[in-house]
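Chain order of the listed sequences is U and B. Note that our numbering has the first sequence beginning at 1, numbered continuously upward. Note that our numbering has the second sequence beginning at 1001, numbered continuously upward. Built from N, CA and C at the ideal position, the CB exists for glycine as well. Taking it in order: structure first as structure tokens, then the write-up.
There are 2 protein chains.
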Amino acid sequence: MALHSFSTRPLYLQVRDKLAERIAAGQWKPGKFIPNESDLAREFGVSLGTMRRALDFMQEEHLIARRPGRGTFVNDPASDGLLNRFSKICDADGKPLIGRVETTNLIEGRANKAECLRLQLSGQDAVWRMCRTRFYKEQAFMHEEVFLPAKLFPNMDDRSTNRIVALAQQHGVLLGEAHERISMGEVSPQAAETLDIGKGSPIILLDRVVHTINGQPAEWRVGQCRLAPNYYLADMR
Amino acid sequence: MALHSFSTRPLYLQVRDKLAERIAAGQWKPGKFIPNESDLAREFGVSLGTMRRALDFMQEEHLIARRPGRGTFVNDPASDGLLNRFSKICDADGKPLIGRVETTNLIEGRANKAECLRLQLSGQDAVWRMCRTRFYKEQAFMHEEVFLPAKLFPNMDDRSTNRIVALAQQHGVLLGEAHERISMGEVSPQAAETLDIGKGSPIILLDRVVHTINGQPAEWRVGQCRLAPNYYLADMR
DNA sequence: CCAGATTTGTTCGTATGTATC
DNA sequence: CGATACATACGAACAAATCTG
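Below you can see the structure in the form of structure tokens.
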């Protein structure tokens, strides 16, 4: 395999990169079991412990799941457990807000200053721009402006642009960390209309950047949210 | 050491429990180096790998930090890096809001229904109640109501009640996860006065429960926050 | 600046326990 | 019950970072 040659990066991370590549390329499908630890270790020419460490790492990243006695399988990013990974809004019962999503105004253009800053793009890179409206029980509660680096999402059509997790999956992009800035503001005229609230009403602003597992920005979203009677749930360690 | 006897709990977790106990008891002081891996493994009668796993686990929990070539030392929960672990509000530059904190109205009482629910108390447990006001650049931006289980914090005086991290450290309580519910509401009359804003103004509500490393609720806080021009930063994986 | 000692980080190999089918 | 696969535990060796004399 010629791993661990000409590289100072730890071997278990090199193995993880190779394994993640297979998942991203669709060589290993979501929900399907992958070969067991021993076979993988043999194939990659590393020890069982090193392979185990790579797999543990990928489990932390939500790329795979491991079940004693059964095996290791590829996680489906669009499954119930991961679909709302980056949507932290819950209803009064603590359940995630699952509902319809509408996408409009999908267009391509050159990145402006703000997009370059938030998506770490340089100069003349292309971006996709679109709007989304999120519904819960058929009532709109969030209006979003979304920006995607065209480099990561070429040949975009208007199917399944609704959720970043599904979009990323279709384009072979594996998602890692996300950071969201929550603040208060006044609703924009356009958002006021879609949310059906008075002009200049106080609103929650959700400014979020989702990164790939390699740390590259994959989506910038600015949401205007009529939060009540729901709440945003933040976890800390 | 009679570890791993009469217990199905993994050995490395039993070791972690023992080590955490020493830190909680003050036997190992914050900022001080602890014995090296080999000596600890020998002392506890476990292999180097098992001790390493226990230490890795504790590093994830922010209990210790490890430096190649130097050693392993106990983290100070009140140090710069950890002081704002549960305070996710940043100023426009992304820096955490560090400022004065005032505590008032410290009293003890029996837990009411809401306190029982949020702090997982039963029946007749005692709680401490207090109010806090947080300042940034000498301007009040958050009014808090705080509830603590008296079981974890006996003999409370009014020194250093300002921050849960300092309070926990003084009482030998090690903190783990926290969960915060963020919502919008109208400011209460009392909070409106301390924050110097109009009655009934829209406000950010921060409802947070901090747990010990063993998962036991250690603090319930309900904050009313004049967020602008700052923002709340939520991280996701 | 260097050589050597110390400590954590990585990698290997092996054996045994536990969960699932 | 046996076969399979992941989980835990042990032991050993070398590499990389740090400090000291």
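Reduced DSSP secondary structure (H/G/I, E/B, other) of residue i
| i | result |
| --- | --- |
| V222 (chain U) | strand |
| E1186 (chain B) | strand |
| D1056 (chain B) | helix |
| F1153 (chain B) | coil |
| G49 (chain U) | helix |
| F1086 (chain B) | coil |
| Q139 (chain U) | strand |
| T1008 (chain B) | coil |
| I164 (chain U) | helix |
| D91 (chain U) | coil |
| A65 (chain U) | strand |
| G1071 (chain B) | strand |
| V1173 (chain B) | coil |
| A1114 (chain B) | helix |
| R1042 (chain B) | helix |
| L1195 (chain B) | helix |
| I1306 (chain B) | Since the displayed chain B opens at 1001 and closes at 1237, residue 1306 (chain B) lies outside it and no answer follows. |
| R1237 (chain B) | coil |
| R1016 (chain B) | helix |
| D1207 (chain B) | strand |
| I23 (chain U) | helix |
| Y1227 (chain B) | Note on identity: in this sequence residue 1227 (chain B) is Leu, with Tyr being the wrong assignment. DSSP places L1227 (chain B) in coil when its eight states are reduced to three. |
| L1121 (chain B) | coil |
| G1031 (chain B) | coil |
| G215 (chain U) | coil |
| G1081 (chain B) | helix |
Classification of residue i by the beta-carbon crowding that lies within 10 angstroms, buried from 16 upward
| i | result |
| --- | --- |
| R1016 (chain B) | buried |
| K1159 (chain B) | Before going further, note that residue 1159 (chain B) is Arg rather than Lys in the sequence given. Flag for R1159 (chain B) reads exposed. |
| M1 (chain U) | Residue confidence is low: M1 (chain U) scores 42 on pLDDT, short of 50, so the model does not pin down where it sits. Its coordinate-derived value is still stated next. Classification of M1 (chain U): exposed, given that the 10 Å Cβ count is below 16. |
| A168 (chain U) | buried |
| L1050 (chain B) | Contrary to the premise, residue 1050 (chain B) reads as Thr rather than Leu in this sequence. Counting Cβ neighbours within 10 Å, T1050 (chain B) comes out buried, since at least 16 surround it. |
| L1148 (chain B) | buried |
| P77 (chain U) | buried |
| F230 (chain U) | Residue 230 (chain U) is actually Asn in this sequence, not Phe. Its Cβ being crowded by 16 or more others within 10 Å, N230 (chain U) is buried. |
| S1087 (chain B) | buried |
| A27 (chain U) | Sequence check: residue 27 (chain U) is Gln here, not Ala. Exposed: under 16 other Cβ atoms inside 10 Å. |
| S1183 (chain B) | buried |
| Q1224 (chain B) | buried |
| E186 (chain U) | exposed |
| P1068 (chain B) | exposed |
| R237 (chain U) | exposed |
| A192 (chain U) | buried |
| R1163 (chain B) | buried |
| R208 (chain U) | buried |
Beta-carbon neighbours of residue i, restricted to chain B and to distances below 8 Å
| i | result |
| --- | --- |
| P202 (chain U) | M1184 and P1202 |
| D93 (chain U) | Under the 8 Å cutoff, chain B gives no residues; its nearest Cβ is about 12 Å from D93 (chain U). |
| K137 (chain U) | Neighbours of K137 (chain U) on chain B: none; closest Cβ ~18 Å, over 8 Å. |
| R163 (chain U) | Going along chain B, no residue has its Cβ under 8 Å from R163 (chain U), so there is no contact; the nearest lies around 15 Å. |
Integer-rounded CB distance, given that residue j should sit under 8 Å from residue i
| i | j | result |
| --- | --- | --- |
| T1161 (chain B) | T1103 (chain B) | 5 Å |
| I1204 (chain B) | L1227 (chain B) | 5 Å |
| V74 (chain U) | I34 (chain U) | 6 Å |
| R1042 (chain B) | V1146 (chain B) | That belief does not hold up - the Cβ atoms of R1042 (chain B) and V1146 (chain B) are roughly 44 Å apart, past 8 Å. |
| Y12 (chain U) | R53 (chain U) | 4 Å |
| A1115 (chain B) | C1131 (chain B) | Inspection of the sequence shows that residue 1115 (chain B) is occupied by Glu rather than by Ala. In fact, because the Cβ distance is near 15 Å, the residues do not count as touching under 8 Å. |
| Q124 (chain U) | R110 (chain U) | 6 Å |
| E1060 (chain B) | G1176 (chain B) | Their Cβ separation, rounded to whole angstroms, is 10 Å, which puts E1060 (chain B) and G1176 (chain B) out of contact at 8 Å. |
Contacts of residue i in chain U (Cβ-Cβ under 7 Å)
| i | result |
| --- | --- |
| Y1231 (chain B) | R181, I182 and S183 |
| R1052 (chain B) | Going along chain U, no residue has its Cβ under 7 Å from R1052 (chain B), so there is no contact; the nearest lies around 12 Å. |
Proximal residues of chain B, C-beta to C-beta of residue i below 9 Å
| i | result |
| --- | --- |
| K88 (chain U) | I1182, A1234 and M1236 |
| L227 (chain U) | I1182, S1183 and M1184 |
Amino acids of chain U, ordered along the chain, whose beta-carbon sits closer than 8 Å to that of residue i
| i | result |
| --- | --- |
| R1016 (chain B) | Neighbours of R1016 (chain B) on chain U: none; closest Cβ ~15 Å, over 8 Å. |
Chain-ordered neighbours of residue i on chain U, where CB pairs are closer than 9 Å
| i | result |
| --- | --- |
| R1085 (chain B) | M236 and R237 |
According to a CB-to-CB cut-off of less than 7 Å, which residues of the region 177–198 of chain U neighbour chain B? The residues in question are E177, A178, H179, E180, R181, I182, S183 and M184.
Please identify, using Cβ separations under 7 Å, the residues of the region 1045–1073 of chain B that lie next to chain U, in order along the chain. none
For the region 134–160 of chain U, which residues have a beta carbon sitting closer than 8 Å to at least one beta carbon of chain B? none
Contact list for the region 18–46 of chain U against chain B, Cβ threshold 8 Å: none
Residues of the region 97–124 of chain U in Cβ contact with chain B at a cutoff of 7 Å, in chain order, please. Within the region 97–124 of chain U, not one residue has a Cβ closer than 7 Å to any Cβ of chain B.
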